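Just below is one structure, and these are the notes that go with it.
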């Protein structure tokens, strides 16, 4: 395990190399890369009721602290007027503390909810199923595999998944750095697993965090350089702040919704700077994939619905970093919640939303067989109690590291 702190960013390198087998030969059909949001929240937390758990946790924390301070004030002051004045002054501080600790306490409330309702999101069972489904790939770029503080009370689903995947040859792990301030609960939830050696890795915790979630999690990016034969490959996976207006905060005041968009724009500026600074050679292939949460949307006629989100991605990834988005278009919609469609005609027919994207450098490698992969549970898994492994579709691409022909073309396949 190595550790490196780079100047100018909040970044740390954590690479685990245990029980390393002999090096694999370069893949003949291309490096099989898959990006997937595992949808594994921290211990006790359940995605389907995450906002409720955090709010209730925050209210409980604030109420408890308010009660303690009220008792202390009553012991110090004899006048109820003085007590009331002190408590009014302290109320903003109490509210802030409750807001800060809401996400942390939400996980423990999840335990209580599961105990009484017998409902949970089958984290361990889904991770085991994921490890089997992903075993034929070469590189796993993962999002939402969270741990929480205090770490000794966490079930460490990240370590559980590492061990499951190690059995299938993923012996190299680029872990994210521990959580960074202002989060007091979860880190970035990112990870990269590889069958090829990871020779360098760094974590970027964005400086631009959305204030409504900044105490609960770090939005960020994870970088790993892997060695495939005699060639290095730069990999980046990320998870940015979500669009709030049409989902989580629909109907809330505009300033609250716009604050999330402003934070995301700042995050993309950091992404551009971070990726650019990590590119040590223009000849090294690069792949950027993850949960962009930018919700590029199109109307049925193919016109862009959210110009602001589209410009963020285009300006950063395409115009700035000169990466190729594989020529796929993202659409708007319902369930399953994440899907990349194959052509503009499909946009006019379907109503689906895409937040997960893959970009490659067309000057250094050829991306082929790009497709989306649904995570439907099989019959045995449905008997356990879950129908989907994740609420996201995975995106996969084969990276041909040796240029065989013109890199202008991309061999796309329809979604599976």
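Residue numbers (UniProt numbering): 1 to 416. We put the beta carbon where it would ideally sit given N, CA and C, even for glycine. Quick caveat: nothing in here was measured; it's all calculated off a predicted structure.
*Reducing DSSP to helix, strand and coil, say where residue 153 ends up.*
For this step, residue 153 is matched to residue 153 along the chain shown. In this structure, residue 153 counts as helix in the three-state DSSP scheme.
*How would you write the range of the alpha helix (DSSP H) that residue 117 sits in, first residue to last?*
Within the chain shown, the letter at position 117 stands for residue 117. Note, residue 117: alpha helix (DSSP H), 80-117.
*Just the Cα atoms here: how many angstroms apart are residue 135 and residue 47?*
On the chain shown, position 135 is the one that residue 135 refers to. On the chain shown, position 47 is the one that residue 47 refers to. Approximately 26 Å between the Cα atoms of the pair.
*Best match in 395, 277, 100 for proximity to residue 372 [C-alpha to C-alpha]*: Counting from one through the chain shown, the residue named residue 372 turns up at place 372. When each option's Cα is compared against that of residue 372, the closest is 395.
*asked:* Do residue 260 and residue 212 count as a contact pair if the criterion is CB distance below 9 Å?
replied: Mapped onto the chain shown, residue 212 falls at position 212. Mapped onto the chain shown, residue 260 falls at position 260. Against a cut-off of 9 Å, the Cβ pair of residue 260 and residue 212 comes out as a contact.
_Beta-carbon contacts of residue 200 that lie in its chain and below 6 Å, excluding the five residues immediately before and after_ = The residue given as residue 200 occupies position 200 in the chain shown. Within the same chain, residue 200 has close Cβ partners 225.
*asked:* Can you tell me where the beta strand (DSSP E) holding residue 224 begins and where it ends?
replied: Counting from 1 along the chain shown, the entry for residue 224 is found at position 224. That run of the beta strand (DSSP E) goes 220-228.
*Considering only the beta carbon of each residue, do residue 288 and residue 358 sit closer than 9 Å?*
Within the chain shown, residue 288 is the residue found at index 288, counting from 1. Within the chain shown, residue 358 is the residue found at index 358, counting from 1. Yes. Within cutoff.
*Report the option in 146, 130, 123, 50 whose CA atom is closest to the CA atom of residue 140.*
Position 140 of the chain shown holds residue 140. Minimum Cα distance to residue 140 is reached at 130.
*What's the gap between the Cα of residue 402 and the Cα of residue 227?*
As a working mapping, residue 402 is identified with position 402 in the chain shown. As a working mapping, residue 227 is identified with position 227 in the chain shown. Whole-angstrom Cα-Cα distance: 14 Å.
*asked:* Using C-beta distances below 6 Å, list every residue in its chain close to residue 162, excluding the 5 sequence neighbours before and after it, in chain order.
replied: Looking up residue 162 in the chain shown gives position 162. Closer than 6 Å at Cβ, skipping near neighbours: 173.
*asked:* Given this structure, state the Cα-to-Cα distance separating residue 385 from residue 133, to the nearest angstrom.
replied: Looking up residue 385 in the chain shown gives position 385. Looking up residue 133 in the chain shown gives position 133. For residue 385 and residue 133, the distance between alpha carbons rounds to 18 Å.
*State the start and end residues of the unbroken alpha helix (DSSP H) segment that holds residue 425.*
No answer is possible for residue 425: it lies beyond the span of the chain, which begins at 1 and ends at 416.
*Grab the span of the beta strand (DSSP E) containing residue 366 for me, first residue to last.*
If you number the chain shown from 1, residue 366 lands on position 366. Unbroken beta strand (DSSP E) run through residue 366: 366-373.
_Assigned secondary structure, residue 290 (DSSP; H/G/I helix, E/B strand, else coil)_ = Translated into the one-based positions of the chain shown, residue 290 becomes position 290. Here residue 290 sits in strand by DSSP.
*Taking C-beta to C-beta, are residue 29 and residue 103 nearer than 9 Å?*
In the chain shown, residue 29 corresponds to position 29, counting from 1. In the chain shown, residue 103 corresponds to position 103, counting from 1. It is not a contact, given that the beta carbons lie outside the stated cut-off.
*According to DSSP, which residues form a beta bridge with residue 394?*
Translated into positions along the chain shown, residue 394 becomes position 394. Residue 394 pairs with 373.
_Spatially closest choice to residue 266 from 318, 208, 290, by CA coordinates_ = Sequence index remark: in the chain shown, residue 266 carries index 266 (1-based). For the residues 318, 208, 290, the minimum Cα distance to residue 266 belongs to 208.
*Could you pull the start and end residues of the alpha helix (DSSP H) that residue 274 belongs to?*
Numbered from its first residue, the chain shown carries residue 274 at position 274. It spans 254-278 - the alpha helix (DSSP H) in which residue 274 sits, taken as one unbroken run.
_So for residue 231, helix, strand or coil by DSSP?_
On the chain shown, residue 231 is found 231 positions in, with the first residue counted as 1. Three-state DSSP puts residue 231 in a strand.
*Below 8 Å, can you find three or more Cβ-Cβ pairs linking the stretch 190-200 to the stretch 109-121?*
no
*Taking the continuous beta strand (DSSP E) assigned at residue 359, which residues delimit it?*
Working through the chain shown from its first residue, we reach residue 359 at position 359. 356-360 is the span of the beta strand (DSSP E), which, as asked, contains residue 359.
*asked:* Along the chain, where does the alpha helix (DSSP H) containing residue 198 start, and where does it finish?
replied: In the chain shown, the residue the question calls residue 198 occupies position 198. Run containing residue 198: none in the alpha helix (DSSP H); it sits in the beta strand (DSSP E), 198-205.
*asked:* Closer than 8 Å is the cut-off here; do at least three beta carbon pairs connect the stretch 72-82 with the stretch 152-162?
replied: no
*Distance, residue 368 Cα to residue 151 Cα*: To locate residue 151, count along the chain shown from 1; it is residue 151. To locate residue 368, count along the chain shown from 1; it is residue 368. Straight-line Cα distance between these residues: approximately 40 Å.
*Pair every Cβ in the stretch 36-47 with every Cβ in the stretch 106-114, then say whether three or more of these pairs are closer than 8 Å.*
yes
*asked:* Tell me the DSSP secondary structure of residue 177 in three-state form.
replied: Locating residue 177 in the chain shown gives position 177, counting from the first residue. Looking at residue 177 - three-state DSSP - the assignment turns out to be coil, as it is neither helix nor strand.
*residue 38 in three-state terms, based on DSSP*: As a position in the chain shown, residue 38 is number 38, starting the count at 1. In the structure shown, residue 38 sits in a strand (DSSP, three-state: E or B).
*Tell me the DSSP bridge mates of residue 141?*
As a position in the chain shown, residue 141 is number 141, starting the count at 1. The partner list for residue 141 (beta bridge, DSSP) reads 35, 192.
*Range of the contiguous alpha helix (DSSP H) that encloses residue 322*: As a first step, residue 322 is located in the chain shown; it is residue number 322 there, counting from the start. Run containing residue 322: none; DSSP gives neither H nor E here.
*asked:* I'd like to confirm the pairing. Which residues does DSSP put opposite residue 120 in its beta bridges?
replied: Indexing the chain shown from 1 puts residue 120 at position 120. Answer is none; residue 120 lacks a bridge partner.
*Compute the Euclidean distance between the alpha carbons of residue 263 and residue 188, then round it to the nearest angstrom.*
As a first step, residue 263 is located in the chain shown; it is residue number 263 there, counting from the start. As a first step, residue 188 is located in the chain shown; it is residue number 188 there, counting from the start. Their Cα atoms are separated by approximately 16 Å.
*Can you tell me which of the three DSSP states residue 238 falls into?*
Here residue 238 corresponds to residue number 238 of the chain shown, with the count starting at 1. Strand, per DSSP.
_Boundaries (first-last residue) of the alpha helix (DSSP H) holding residue 389_ = On the chain shown, residue 389 is found 389 positions in, with the first residue counted as 1. Looking at the DSSP string, residue 389 is not in any alpha helix (DSSP H), and its letter there is neither H nor E.
_Residue range of the unbroken alpha helix (DSSP H) whose run includes residue 63_ = Here residue 63 refers to the residue found at position 63 of the chain shown. Where residue 63 is concerned, the enclosing alpha helix (DSSP H) stretches over 50-76.
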